[in-house]
Amino acid sequence: MTSSSPTTSFEPFPRLPVELRLEIWYFALISYPAQTFRLKTRKIWKPHKYHITTIRATAPQPALAHANQEARLEALEHFSQIPTTRVSNTSSAQNYPPDHKCALVNFSIDVFTVERILDIPYYSLESLKQIQLLRAVVKDLLFFGQDLQDSYLSQVDALREVEFTVLEGQDSREHLEEGVERMVDSFDWVRKKKPNWIFPKVKIVEDGVVLRVYEGGAWTGEV
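If you read the sequence shown in the numbering used here, its first letter stands for residue 6, the second for the next number, and so on.
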């Protein structure tokens, strides 16, 4: 039988060459669709005031990453591990059951959602600096621009896009222009602190309707 003849036997996966197995793991892992992660913070008042921040995926994590050691090592080439629980006050951490679980995140496509951007500082910024896509809920367009300054978003170096979603039933379009003015003021403030920061694309959405888009890039002082 020549080398160009088709094979008539099936080679078990474990007996395939390592290079071929890794290629198969690679194509299987990168086919996973984008995930959405919820970032949520709650306050604990006793015995001391501290914050517990959790990150939860809205869909099952990539199962192939846990198939075996070979698959997991390949998965870690494309996914990052971040802790799913963070306690803001280390002295209070002993009062909260330990959680050593980690989430597998593909920062280039996965979206993080927060109820309040102001909650971001309560999680380790080192873990969140790689976030590229962020969706935040706002109750009033009048104040959303201020959140950009107060939440340390400028420390999320990789951020490419932020979507502000106004809660349904909130009649706040009348405050849109004032909110945009606050956003401009916040961007000017950030520019003074970090002149080289590349500003993310900003979308303002209400009831599924895109009200305003700022394309991002180097800040020029205009939207």
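Glycine is no exception: its CB is placed at the ideal position from the N, C-alpha and C atoms. Small disclaimer: the values here were computed from a predicted structure and weren't measured.
How far does the alpha helix (DSSP H) with residue i in it extend, from its first residue to its last?
i      : result
Ile35  : 23 to 35
Glu75  : 74 to 80
Lys198 : 181 to 198
For residue i, is the beta carbon positioned less than 7 angstroms from some heavy atom of the ligand SAH?
i     : result
Leu78 : Only the bare structure without any ligand can be found here, which leaves the ligand SAH out of the picture.
Give me, in chain order, the residues of the same chain whose beta-carbon lies closer than 7 angstroms to that of residue i; leave out the 5 immediate sequence neighbours on both sides.
i      : result
Leu109 : Gln66, Pro67, Ala70, Ala80, Phe84, Gln86
Could you check the C-alpha separation between residue i and residue j for me, to the nearest Å?
i      : j      : result
Arg121 : Leu139 : 11 angstroms
Asp193 : Thr58  : 30 angstroms
Thr118 : Val214 : 18 angstroms
Asp212 : Met188 : 21 angstroms
Glu220 : Val207 : 7 angstroms
Gly184 : Lys197 : 20 angstroms
Is residue j closer than 8 angstroms to residue i when the C-beta atoms are compared?
i      : j      : result
Ile114 : Ala39  : yes
Pro200 : Leu164 : no
Using CA atoms only, rank isn't needed, just tell me which of the options is closest to residue i.
i      : options                        : result
Arg26  : Val142, Gly221, Arg77          : Arg77
Leu133 : His180, Val171, Phe112, Val142 : Phe112
Asp162 : Glu182, Val195, Phe169         : Val195
Gln160 : Thr90, Phe15, Trp202           : Trp202
Pro166 : Leu21, Ala141, Lys197, Trp30   : Per the sequence shown, the amino acid found at residue 166 is Glu instead of Pro. Among Leu21, Ala141, Lys197, Trp30, the Cα nearest to that of Glu166 is on Ala141.
Residue range of the beta strand (DSSP E) that residue i falls in?
i      : result
Lys134 : Note, Lys134: premise wrong, no beta strand (DSSP E); not H, not E.
Val171 : 166 to 171
Ile122 : Element bounds for Ile122: n/a, residue is neither H nor E.
Ser85  : 85 to 88
Under 8 angstroms, Cβ to Cβ, is there at least one residue of chain C near residue i?
i     : result
Glu24 : Looking at the structure shown, chain C is missing, and only one protein chain is on hand.
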